[in-house]
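Visitor: The structure under discussion is supplied below as structure tokens; questions concerning it will follow.
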Amino acid sequence: MPETIPNNYLATLQHKKYECLIGLLLGIFYLALYQYNIIISIWASLPLFLLGIPHGAIETQERIAHIPGLHYTFLYIIFGILVFCSWLLSPHYTLALFLILSAYHFGQSEKHYPLIGLWVVSGSMLLYPTETLSVFSYLTGENLNTKELQTAGRLIAGTVATLLMVQIAVKRKESARALILIFLIFLLPPVSAVAVYFFIFHSLGEMAKTADQHNRAPLNILKLYTPAGIPALVGGMVGIYFFSINLITIFILSGLAVSFIVPHMCPVEKLTKNLV
């Protein structure tokens with residue numbers, strides 16, 4: 005019988021085929037919703053963040069997704085606790101670290117244009133500087149909406165956009181996708197922009213690769229995500245519900261989210277490479 009493993013790219017190819025179209029349609033929807041009601045547009049963006057959670061609740065060794073092992077899970081939890089303590093002590097510095105790691109992490113998943121990672125976390129500063137910094141202020145409970153940060157954010161975003169345009173002109177690889185991402189991040193308000201990229205372009209892409217690695221067998225994929233991915237998704241939903249009924253503050257909810265995400269963006273699996 006012919007080997008089936010080398011033909012394991014169907015899900016990834018299907019994702020690449022439709023991600024830009026879906027991203028554009030969602031972008032139009034969220035932009036229209038933002039014009040209608042800002043608060044509703046933010047709440048409507050949360051499902052995209054939640055649906056993208058399971059993609060990170062796995063352990064990757066030698067580029068192959070596994071069910072998280074005990075050593076990996078233990079280190080992940082310890083790392084998360086340290087990040088949460090950092091959030092409690094200094095939320096603005098922890099947020100800065102989170103944004104830097106996010107830019108790096110997203111950039112790693114971009115084959116031709118790693119700078120897209122930095123564009124995702126900074127691009128909204130060009131058109132929505134006040135709104136972007138207001139979101140950061142709301143999450144941390146500190147006033148970060150200053151002229152100095154607005155100027156710095158615009159400078160970073162403008163520089164990144166310029167460099168990306170130059171790279172696209174020189175490389176000419178997947179240029180349409182890159183231009184669409186620049187367009188979407190520039191036009192969409194900050195929360196919706198990151199939500200659309202995170203779920204459609206990043207999380208679904210990673211989940212498609214994982215599906216291909218496991219021959220797109222539904223039972224295998226379910227087994228992979230059940231131990232950590234599904235509980236993490238449910239935990240995120242519970243956290244948002246608790247916030248909606250005032251059982252926890254946005255500061256605590258944000259700290260929990262950051263403490264859960266940061267270990268995923270750091271190479272924790274390298275510490276457990278020989279323990280799978």
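Okay, so the sequence shown: first residue is 5 according to the working numbering, each after it adds one.
Note that the Cβ used here is the ideal one computed from N, Cα and C, for glycine as well.
#1: Residues in its own chain within less than 8 Å of residue 21 by CB, not counting five upstream and five downstream?
#2: If we count the other Cβ atoms within 10 Å of its Cβ and call it buried at 16 or more, is residue 10 buried or exposed?
#3: Taking the C-alpha atoms as reference points, what is the distance between residue 64 and residue 195?
#4: When you compare each of 71, 49 and 47 to residue 58 by their alpha carbons, which one comes out closest?
#5: Determine, using beta carbons only, whether residue 263 and residue 88 come nearer to each other than 8 Å.
#6: Give every residue of the same chain whose Cβ lies closer than 8 Å to the Cβ of residue 54, excluding the five residues on either side of it in the sequence, and list them in chain order.
#7: Once the 5 residues before and after residue 210 are set aside, which same chain residues still bring their CB inside 6 Å of it?
#8: In three-state DSSP terms, what is residue 221?
#9: Going by C-alpha distance, which of 23, 62 and 217 is nearest residue 233?
#10: Could you pull out every residue in the same chain whose Cβ sits closer than 8 Å to the Cβ of residue 136, ignoring the five residues on either side in sequence?
#11: Excluding the 5 residues preceding and the 5 following residue 56 in the sequence, name in chain order all residues of the same chain whose CB lies nearer than 8 Å to its CB.
#12: Secondary structure at residue 165, three-state DSSP: helix, strand or coil?
Guide: Let me lay it out:
#1: none
#2: Since pLDDT at residue 10 reaches only 44, below the 50 mark, its modelled position is unreliable, and no value is offered.
#3: 28 Å
#4: 71
#5: Yes, these two residues count as a Cβ contact at 8 Å.
#6: 237, 240, 241 and 244
#7: Excluding sequence positions up to five before and after residue 210, its CB lies within less than 6 Å of the CB of 59, all in the same chain and listed in chain order.
#8: coil
#9: Sorting 23, 62 and 217 by C-alpha distance to the C-alpha of residue 233 places 62 at the top.
#10: 128, 129, 157 and 194, listed in sequence order.
#11: 202, 203, 206, 207 and 208
#12: helix
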